[in-house]
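In our numbering, the protein residues as written are 402 to 552.
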């Protein structure tokens, strides 16, 4: 038999593994993308960022979209609501936004989008009307970054 401590560690490790795979659809059985209206917000992390949550526009219980140890901030939904762009902190000790990420909300896959050399740190992100690109506000100015097709 497993001890309580070992069981807790096993459950924790499995949870971390699932969180890292990004294969679980974050909106599954909660929101139908393209049909239901919903809001995405940052919660639980203070001014340095936290995890991203969603809630139906009609109200209800918020639920997590991300679960990481680094801060996520400044979320922006794609025009069709199927993808989410956001900034992610660099490490556990430094929550300064250091990278731009896009999550496919239909399957949970995440992608880190590289910025051009010399762009500096990202400060904000938004989608173009067609959803094919992001406009990223950085220390070095505004940049348009193509969003590759969802995996």
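Each residue gets a CB set at the ideal place from its N, CA and C atoms; glycine is no exception.
Residue of the options minimising C-alpha distance to residue i
i: residue 547; options: 478, 541 and 529; result: 529
i: residue 503; options: 445, 467, 433 and 438; result: 467
i: residue 431; options: 527, 491 and 463; result: 463
i: residue 465; options: 534, 506 and 517; result: 506
i: residue 517; options: 532, 508, 549 and 537; result: 537
i: residue 514; options: 456, 545 and 442; result: 545
i: residue 525; options: 441, 542 and 439; result: 542
i: residue 453; options: 470, 499 and 481; result: 470
i: residue 499; options: 519, 481 and 482; result: 519
Helix, strand or coil at residue i [DSSP, three-state]
i: residue 538; result: strand
i: residue 465; result: strand
i: residue 483; result: coil
i: residue 532; result: coil
i: residue 490; result: strand
i: residue 431; result: coil
i: residue 458; result: coil
i: residue 436; result: coil
i: residue 516; result: coil
i: residue 412; result: Because the pLDDT of residue 412 is 45, which lies under 50, any placement of that residue in the model is unreliable, and the number read from its coordinates should be weighed accordingly. In this structure, residue 412 counts as helix in the three-state DSSP scheme.
i: residue 505; result: strand
i: residue 471; result: coil
i: residue 453; result: strand
i: residue 547; result: strand
Environment of residue i [buried if 16+ CB atoms lie within 10 Å]
i: residue 487; result: buried
i: residue 472; result: buried
i: residue 490; result: buried
i: residue 458; result: exposed
i: residue 479; result: buried
i: residue 485; result: buried
i: residue 509; result: buried
i: residue 461; result: exposed
i: residue 424; result: In this prediction, residue 424 scores a pLDDT of 48, lower than 50, which makes its location untrustworthy; no coordinate-derived value is stated.
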